[in-house]
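These notes concern the structure reproduced below.
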Amino acid sequence: MLPSYLFRIGPEAHVVWRSAVIVGLAGLGACSGPEYQDPVALKPGLYEISATGNGTLFLKNGLLEAQQCLSPTDAAIFRGDPLGTIAYPWERCHEQPNPPRGNALSGERICNPDDQGRPWAHIEFSGSHNEDSFQVKGHVSHPGDGGGMTDFRSGDFSFSGKRVADC
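If you're matching positions, the sequence shown starts at 7 in this note's numbering and goes up one per residue.
Structure (structure tokens):
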């Protein structure tokens with residue numbers, strides 16, 4: 007049963023209803039991000055992909071824009087390894103994905119080129135996808151001799167893709 011004050015005629019009733027609607031809409035907005043969506047699988051197919059940013063993360067063809075065919079295997083592993091699926095491979099690197107939440111994804115790529123296990127590159131990324139598109143943003147950093155960062159490929163990056171056809 008609804009409280010009797012909701013049935014009063016006058017400005018008080020409008021304030022109560024308006025407040026209830028605003029609170030309800032704010033609650034819906036808080037739960038509308040990709041992490042709250044029902045998970046969907048990225049479809050295999052031909053994707054138009056572009057990469058941007060100061061932290062250069064080249065696509066597999068060595069360029070910043072490409073059409074790339076994602077096989078069923080590529081599409082299936084994308085959530086756990088988006089960088090390995092799309093970006094040019096870096097030797098001695100491993101992905102540490104966070105567990106996917108809904109259609110959101112995040113994680114790290116850590117590269118260890120020497121015997122002491124010192125990382126030469128560290129990448130943090132986050133993004134989202136739906137059935138036929140994706141976007142990933144992140145940051146590439148390189149440790150320097152004094153613990154600072156070098157300019158070589160350090161900085162922010164993003165890449166996005168849209169499925170355009172079968173392949």
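Even glycine gets a Cβ: it sits at the ideal position worked out from N, Cα and C.
The structure displayed is predicted, hence computed values, not measured ones.
Checklist entry - By a C-beta neighbour count over all protein chains shown, 10 Å radius and 16 as the cutoff for buried, is Arg104 buried or exposed? => result Here residue 104 refers to the residue found at position 98 of the sequence shown. The residue asked about is misnamed: residue 104 is Asn in this sequence, not Arg. With fewer than 16 Cβ atoms within 10 Å of its Cβ, Asn104 is classed as exposed.
Checklist entry - Quick one: what does DSSP say Glu1 is sitting in, helix, strand or coil? => result Lying outside 7 to 173, the shown extent of the chain, residue 1 is not represented and no answer is given.
Item to check | Residues of its chain near Pro106, where Cβ-Cβ distance is below 8 Å and the 5 sequence neighbours each way are ignored | outcome: Here residue 106 refers to the residue found at position 100 of the sequence shown. Same-chain partners within the cutoff: Pro45, Arg85, Gly86.
Checklist entry - Based on Cα-Cα distance, which residue from Glu101, Gly108, Gly51 lies nearest to Ser139? => result As a working mapping, residue 139 is identified with position 133 in the sequence shown. Looking from the CA of Ser139, the closest CA among Glu101, Gly108, Gly51 belongs to Gly51.
Item to check | Extent of the continuous alpha helix (DSSP H) to which Gly161 belongs | outcome: By one-based count along the sequence shown, residue 161 stands at place 155. Careful: Gly161 lies outside any alpha helix (DSSP H), inside the beta strand (DSSP E) at 161 to 171.
Checklist entry - What do you reckon, are the CB atoms on Gly133 and Arg115 nearer than 9 Å? => result Here residue 133 corresponds to residue number 127 of the sequence shown, with the count starting at 1. Here residue 115 corresponds to residue number 109 of the sequence shown, with the count starting at 1. No, they are not a contact pair.
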